[in-house]
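Asks: Encoded as structure tokens, here's the structure I'll be asking about.
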Amino acid sequence: SLAAVVSTVTNAPVVAQADLNLTASASPEPVTVGSNLVYTLTITNQGPNAASGVTVSNRIPVGVNFVSATGGATPSGGILLVNLGSLVLGATNAAQVIVQPIVAGKLTNMFQVFANETDPVPANNSATVVSTVTNVPAVLADLSLNASASPQPVLVGSNLVFSLTVSNAGPDAATGVVISNQLPANVTFVSATGGSTPSG
């Protein structure tokens with residue numbers, strides 16, 4: 010006897026996938042009310058396919074004024090969409106969003122990325138940045154201290170002179186600069202710049 014087997018062959022569509030990874034940072038930290046706060050966004054396509062229509066989405070938070078974004082994008086209805094085009098497998102692209110905080114406190118801002126392709130790992134498609142907004146501009150002074158002693162060697166009962174050099178690499182001026190010194194054992198204090206004397 011003969012038996013006939015009928016098979017159905019279909020062309021199942023292949024769904025393209027692109028795993029987009031988004032990281033975000035903000036500077037400066039802290040930021041002053043009325044100053045620019047720059048968000049830097051990095052998007053990487055971890056594949057396995059190329060990504061098209063890559064777009065970063067951001068709901069502009071309350072308490073800031075929008076300034077600018079990569080590509081000249083502007084918010085619509087409070088939503089900012091930054092179009093980054095296509096990303097081949099392994100490619101990285103960056104974008105910036107700049108705002109001006111108008112209220113002091115903690116500022117939380119979340120960014121998301123999406124594309125036309127299915128993302129197999131949606132957990133890495135968003136990034137949240139928390140910034141500190143202050144009313145007083147941050148004053149930064151990078152102090153460095155160098156010290157030397159002479160003569161070398163020194164005789165018991167002779168003066169040993171410690172020469173101290175303090176430098177300020179900024180970016181702002183330093184006020185109230187003080188050098189602290191715990192006098193070592195087996196020495197007798199003689200004098201110090203400005204007439205300072207030990208206490209305790």
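Using my numbering, the letters of the sequence shown correspond one by one to residues 10 to 209. All C-beta atoms, glycine included, are put in the ideal place defined by N, C-alpha and C.
Looking at the structure shown, is T79 part of a helix, part of a strand, or coil, going by DSSP?
Replies: For the purposes of this step, residue 79 is taken as the residue at position 70 of the sequence shown. It is helical.
Asks: Tell me which residue opens and which closes the beta strand (DSSP E) that A103 is part of.
Replies: Looking up residue 103 in the sequence shown gives position 94. Unbroken beta strand (DSSP E) run through A103: 101-110.
Asks: Between the Cα of D151 and those of A113, S172, G43, A183, spot the shortest distance and give me the residue it belongs to.
Replies: Position 142 of the sequence shown, counting from 1, holds the residue named residue 151. Of the candidates A113, S172, G43, A183, the one whose C-alpha sits nearest the C-alpha of D151 is A183.
Asks: Return yes when the Cβ of T143 is within less than 8 angstroms of the Cβ of A104, no when it is not.
Replies: On the sequence shown, position 95 is the one that residue 104 refers to. On the sequence shown, position 134 is the one that residue 143 refers to. Going by C-beta atoms, A104 is not nearer than 8 angstroms to T143.
Asks: With 16 other CB atoms within 10 Å as the buried threshold, where does N177 fall?
Replies: By 1-based counting over the sequence shown, the position of residue 177 is 168. Its Cβ having fewer than 16 others within 10 Å, N177 is exposed.
Asks: Between the beta-carbon of L93 and the beta-carbon of V65, is there less than 8 angstroms?
Replies: Numbered from 1 along the sequence shown, position 84 holds the residue referred to as residue 93. Numbered from 1 along the sequence shown, position 56 holds the residue referred to as residue 65. Taking 8 angstroms as the Cβ cut-off, L93 and V65 qualify as a contacting pair.
Asks: Between S77 and T51, what straight-line distance do the alpha-carbon atoms span, to the nearest angstrom?
Replies: Counting from one through the sequence shown, the residue named residue 77 turns up at place 68. Counting from one through the sequence shown, the residue named residue 51 turns up at place 42. About 17 angstroms.
Asks: Give the secondary structure of N92 by DSSP, where H, G and I count as helix, E and B as strand, and everything else as coil.
Replies: Indexing the sequence shown from 1 puts residue 92 at position 83. Strand at N92.
Asks: By DSSP's criteria, N118 is part of a beta bridge. Which residues make up the other side?
Replies: Position 109 of the sequence shown, counted from the first residue, corresponds to residue 118. V138, per the DSSP bridge assignment.
Asks: Between the alpha carbons of L46 and P160, how many angstroms are there, rounded?
Replies: Position 37 of the sequence shown, counting from 1, holds the residue named residue 46. Position 151 of the sequence shown, counting from 1, holds the residue named residue 160. Cα to Cα, L46 sits roughly 52 angstroms from P160.
Asks: For Y48 and V138, which I take to be in contact (beta-carbon distance under 8 angstroms), what is that distance rounded to the nearest angstrom?
Replies: As a working mapping, residue 48 is identified with position 39 in the sequence shown. As a working mapping, residue 138 is identified with position 129 in the sequence shown. That pair is a contact at about 6 angstroms.
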